[in-house]
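For what it's worth, numbering that gives the first Met the number 0 labels the leading residue of the sequence shown as 0, then goes sequentially.
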Amino acid sequence: MNQRNKILKEVLIITIVSLITGLIVNSVNPKGIPLVRDDGDRFKIDSALTQGSENKPVEKVKTKEGFVKPVNIPVETAKKFFDENAVFIDGREETEFKEGHIKGAINIPYKEFYAKTPEDRQKMMDGIDKNKTIVSYCGSSECEISIDNAYEMAKIGYDNVKIFLGGYREWNELGYPVNK
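Dropping the structure here:
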């Protein structure tokens, strides 16, 4: 029994030392993983875009990582950007995209985009002007791909990225232009 207690004590010490070492390394690593995920702003629609203030420029907020944070927009604003020839990017898989998408949208599947290096992501975005408004969307409001794709685009220098949370489903239900 004494030997068993000694082994348990050693295992506990090793576990605690490993945990502390991991936390320290993670905290000093510039690419460390956040210990608490803050999704508070990921689903919040920017009120400046919903209160009739189209003439007022929306302040671009830089993240601590140094890129301009994408802005969530409602369907009415997405339609306004569509009418102004913004670039719409659908983050769903190619099979879903082919079943139906916002008219003129470009398919950049999130899984494929995220798996690439920043340089290869930039190649996937070749031909898209960094100064143009980009609207990222996916299937519906239950889908987070539009958010993730938008942030990855912002990280490679696209400063005018919007996130249309309603996605293809809401767009299609309102009878807005689609390709099927």
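Glycine residues also receive a C-beta, built at the ideal position from the N, C-alpha and C atoms.
All values derive from a computational prediction rather than experimental measurement.
Residue burial classification, residue i (beta-carbon count within 10 angstroms, cutoff 16)
i    : result
K161 : buried
P117 : exposed
E107 : The question names Glu, but residue 107 in the sequence shown is Ile. Burial call: buried.
N54  : Here N54 scores only 45 on pLDDT, less than 50, and its place in the model should not be relied on; the value that follows carries that caveat. Result: exposed.
L48  : Caution is warranted here: a pLDDT of 49 is assigned to L48, below 50, making its placement in the model unreliable, and the coordinate value is therefore given only provisionally. Result: buried.
A153 : buried
Q2   : exposed
I88  : buried
Q50  : For Q50, the predicted structure reports a pLDDT of 43, less than 50, and the residue's modelled location is therefore unreliable. A value from the coordinates is still provided. Exposed, since its Cβ has fewer than 16 Cβ neighbours within 10 Å.
I72  : buried
G165 : buried
Of the listed residues the options, nearest to residue i (C-alpha basis)
i    : options                   : result
E83  : N159, T132 and L164       : T132
G65  : C137, I6, Y150 and G126   : Y150
D119 : I101, T94, I155 and E93   : I155
F146 : A114, G126, R91 and M124  : One point to set straight first is that residue 146 is Ile, not Phe, in the sequence displayed. Of the listed residues, the one whose Cα sits closest to I146 is R91.
E169 : D158, N148 and S139       : S139
C137 : Y113, I19, Y167 and K110  : Y167
V70  : V10, N28 and D158         : D158
G99  : V134, N171 and I13        : N171
E93  : N4, K179, I6 and K5       : K179
M123 : C142, E141, N130 and N148 : N148
E95  : I13, G21 and C142         : C142
Secondary structure of residue i, DSSP reduced to three states
i    : result
F80  : helix
V27  : helix
Y136 : strand
D147 : helix
V74  : helix
V60  : coil
F66  : coil
I101 : strand
I162 : strand
N130 : coil
D119 : helix
I155 : coil
I19  : helix
I107 : coil
I6   : helix
Beta-carbon gap between residue i and residue j smaller than 7 Å
i    : j    : result
A104 : F163 : no
K102 : V177 : yes
K68  : V60  : yes
Y109 : I144 : yes
R10  : F80  : The question names Arg, but residue 10 is Val in the sequence shown. Contact: no.
V86  : I32  : no
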